[in-house]
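Per the UniProt record's numbering, residue 1 is the first one in the sequence shown, and the count goes up by one each step. Backbone N, C-alpha and C define an ideal beta-carbon position, used for all residues, glycine too. All figures in this text were calculated on a predicted structure; none of them were measured in a lab. Structure, as C-alpha cells:
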Amino acid sequence: MFCKNCGKQIEDGSKFCPECGESQYGHQPSEPDSVQAQKKLIYYGTLASLAGIIIGIYIKQIHIVVVSALGFMVGAFKINELRKR
Ligand SMILES: [Zn+2]
C-alpha cells in the first residue's frame, strides 16, 4: 500500500507511515490477521460443506446432504455478514 499523505510505499496494513507519521487508519482499512484467518476458515468450511452435499448426493446418503446443506447455509450467511463490514 501507499501512504495517503506522502505517497511513499509502506508495508501493507501499517497504521502509520514510517516516513511522515501520517495515520493510515480509515483510508485503506486493513484487516487484522485474526479476521483474515476467520474469513479463510469460513470460506474453506463452506467449500467443504458444498463438497459434502455433492458427495452425499453421489453416495445417496440423505443425512450427509442435509448436514452439509446446513453447514453451507451457515457458512454462506457468515460470508454475507463479513462482507457487510
Ligand atoms: Zn507518509
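Of all residues, those with a beta-carbon under 6 Å from at least one heavy atom of ligand 1 are Cys3, Asn5, Cys6, Lys8, Cys17, Glu19, Cys20, Glu22, reported in chain order. In this structure, Ile53 sits away from Lys78, with a CB-CB distance that is not shorter than 8 Å. Residue burial is scored here from C-beta neighbours: Phe72 has at least 16 other C-beta atoms within 10 angstroms and is therefore classed as buried. In summary, Gln36 is exposed, with fewer than 16 beta-carbon neighbours lying within 10 Å of its beta-carbon over all protein chains present. Residue burial is scored here from C-beta neighbours: Gly75 has at least 16 other C-beta atoms within 10 angstroms and is therefore classed as buried.
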